[in-house]
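Asker: Residue numbers (our numbering), protein chains in the order written: chain A, 128 to 347; chain B, 128 to 347.
In C-alpha cells, the structure reads:
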C-alpha cells in the first residue's frame, strides 16, 4: 500500500492531530503533514470534513477519515503490520474503547472548563477532574500502560493527560497531577513521554506553553 | 457460546437500551432483559457501570460492557454468525462509526434541547436540527438503509431519529421530519420501522408517547 498516499490535515498543537501522528508512526507509515490555519480554514479542510470542519482529517488515497478515535481504528484496521493499537480480544477492545471515550467525554471538558472558571465554580470543577483522574489512576493499577506492556488506544487518546493537562493548568496556576495524589498516573506520564515515538511526535512542553499562553491572552 | 449467559440491564423506553436489543436479536442471541429503575438504581447497575451509572449494560458471562455504540461493536466482534453490524472494509467501517457518532453528538442533543426551549431559542434549535437531518438525508441518497441494502450500525444508532424524535417533538407541538422536506429519511423511517426485528423490538409509538408525556409533566 503506497505510503505516499497518506496525508494528514492537522495542527501541531492539537491533541487530536497528534493522536493520529502517533498511530501513523507506530505503524511506520510515511505521511505528509498539511498544516491547517484554523482561523482561516482551507478549501481542502472544508471539502474533506464539511460536517465538523475540524482537524484532524486523514486522507488515504484521497478518501477522508475524520474524528481522531475513528481515524485510530481505521489506521489499525488498514495497516495490519506494526504494533496493534487495539487488542485482539473483543472484551479488551470494548474496554479500550470505553476508556478512550471516557477521556474524551469526561476528562477533556473537565480540564478545559477549569481554565475558564473562577472561585467556587473552579473548586467544584477541580473536584470533578480529580475524580476522573482517580478513576484513571485505578484503571492503571498493575499495568505499565493502559494498553498493558505496550502503548495502545487509551495511551494514545491519553496524550492530553500526559502533556496538555499540565500545560493548561500551569497557565492558570493550578497543579493537579501530583506524584502524591496520582503516583501511578505520574509514572505512566514519565514512561509515556519518554517512549521513543511519543517523544519524537509530541511538541516540546515549552513551545506548547508559549502557544497556549498567547492563545489564552488573545481569548481574554 | 452459551446464550444463557447474556444479560442486558436496560429500560424499555431507552433509545440506547433498544439499540443493544436490536443487535442481540439480529445476531439471534437469547438474553435476559433486567429492567432497571433509574430513579432508584440497582446495586447490579452501580456495580457494573460504576463510572456512568447508566443503562444499557451488557453482561456477557458476568463481564460488563457499557456505552451502547461500544456494546454494538462488542456484539459484532463476539458473535460472528448472523448478519454483520459493521461492514468489513475499513473505510466503510470508519464511515459507519462517523455517522453513528454524528447521531449521538449532534442529533440527540439538538432534538432534546428543542423540547426544553421556547421562542427565539427554539427557532434557532429547530434550524440546527433541520441542518443535521438534511445532512442525514443527503447521506441516505441512493441507499435503502444507512448500511446499504441491510440494516447496520448507523441504522441501529438511528432508532432515535426513526421513533423517539417524532414522539418528543409531537409532545411540544412541532413536526420536523416531514415527507416534503425529508423524503428519503421518511422512506427510511418506514422501511426501518417495518423491518421485522425493529418492529418486534421497538416500543409501540402510543406507549412511548404516554411515557414521555408523563415524564415531561413530572419534570415541569
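We treat Cβ as the ideally placed atom computed from N, Cα and C, and that holds for glycine.
Mind checking the region 150-178 of chain B against chain A and listing, in chain order, the residues whose C-beta falls within less than 8 angstroms of any C-beta there?
Answerer: 178
Asker: With 16 other CB atoms within 10 Å as the buried threshold, where does residue 337 of chain A fall?
Answerer: Residue 337 of chain A counts as exposed, since fewer than 16 other beta carbons sit within 10 angstroms of its beta carbon.
Asker: In chain order, what residues of the region 216-248 of chain B put their CB closer than 7 angstroms to some CB of chain A?
Answerer: Answer in chain order: 217, 218, 220, 221, 224, 225, 228, 229.
Asker: In the DSSP assignment, the alpha helix (DSSP H) including residue 258 of chain B goes from what residue to what residue?
Answerer: Note, residue 258 of chain B: alpha helix (DSSP H), 246-267.
Asker: For residue 197 of chain B, return the contacting residues in chain A, with the cut-off set at a CB-CB distance below 8 angstroms.
Answerer: 221, 224, 225, 228
Asker: Does the beta carbon of residue 182 of chain A sit closer than 8 angstroms to a beta carbon anywhere in chain B?
Answerer: no
Asker: Check the Cβ of residue 190 of chain B against every Cβ in chain A and list those closer than 8 angstroms, keeping chain order.
Answerer: 218
Asker: For residue 156 of chain B versus residue 133 of chain B, is the C-beta distance shorter than 8 angstroms?
Answerer: yes
Asker: Indicate whether at least one CB of chain A lies closer than 8 angstroms to the CB of residue 200 of chain B.
Answerer: So yes, residue 200 of chain B belongs to the interface.
Asker: With a cut-off of 8 angstroms on the beta carbons, I'd call residue 226 of chain A and residue 281 of chain A a contact; round off their distance for me.
Answerer: 4 angstroms
Asker: Of the residues A:166, A:284, A:321, which one's Cα is nearest the Cα of residue 235 of chain A?
Answerer: A:284
Asker: Smallest Cα separation from residue 163 of chain A: which of A:182, A:212, A:324, A:264?
Answerer: A:182
Asker: Run the CB neighbour count on residue 203 of chain A, radius 10 Å, all protein chains shown included, and call it buried at 16 or more, exposed below.
Answerer: buried
Asker: Taking a contact to mean a Cβ-Cβ separation below 8 angstroms, would you say residue 252 of chain A touches residue 312 of chain A in this structure?
Answerer: no
Asker: Please list, in chain order, all residues of the same chain as residue 320 of chain A whose beta carbon is under 8 angstroms from its beta carbon, the five residues on each side excluded.
Answerer: If the five residues before and after residue 320 of chain A are omitted, its C-beta is found closer than 8 angstroms to the C-beta atoms of 289, 290, 326, 329, all from its own chain and listed in chain order.
Asker: Please determine if the region 207-215 of chain A and the region 212-231 of chain B are in contact, where contact requires at least 3 C-beta pairs separated by less than 8 angstroms.
Answerer: no
Asker: Candidates B:286, B:192, B:292: which alpha carbon is nearest residue 318 of chain B's?
Answerer: B:286
Asker: Tell me the DSSP bridge mates of residue 270 of chain A?
Answerer: In the DSSP output, where bridge partners are listed per residue, residue 270 of chain A has none listed.
Asker: Looking at C-alpha atoms only, which residue of B:314, B:299, B:165 is the closest neighbour of residue 305 of chain B?
Answerer: Minimum Cα-Cα distance from residue 305 of chain B among the listed residues B:314, B:299, B:165 corresponds to B:314.
Asker: Mind pulling the beta strand (DSSP E) runs of 3 or more residues that sit fully within the region 146-176 of chain A?
Answerer: 159-162
Asker: State the Cα-Cα distance for the pair residue 271 of chain B and residue 267 of chain A, rounded to the nearest angstrom.
Answerer: 45 angstroms
Asker: If I follow the unbroken beta strand (DSSP E) through residue 179 of chain B, where does it start and stop?
Answerer: That residue, residue 179 of chain B, is in no beta strand (DSSP E); it is neither H nor E in DSSP.
Asker: What would DSSP say about residue 316 of chain A, mapped onto helix, strand or coil?
Answerer: helix
Asker: Please report the distance separating the alpha-carbon of residue 243 of chain A from that of residue 296 of chain A.
Answerer: When rounded, the distance between both Cα atoms is 10 angstroms.
Asker: Three-state secondary structure (DSSP) at residue 188 of chain A?
Answerer: coil
Asker: Please confirm if residue 254 of chain B has its CB atom under 8 angstroms from at least one CB of chain A.
Answerer: no
Asker: Tell me which same chain residues have a C-beta within less than 7 angstroms of the C-beta of residue 188 of chain A, skipping the five on either side of it?
Answerer: 132
Asker: Looking at the C-beta of residue 261 of chain B, does it have a partner C-beta in chain A at a distance below 8 angstroms?
Answerer: Contact of residue 261 of chain B with chain A is not assigned, every C-beta pair being separated by 8 angstroms or more.
Asker: Are the beta-carbon atoms of residue 186 of chain B and residue 180 of chain B separated by less than 8 angstroms?
Answerer: no
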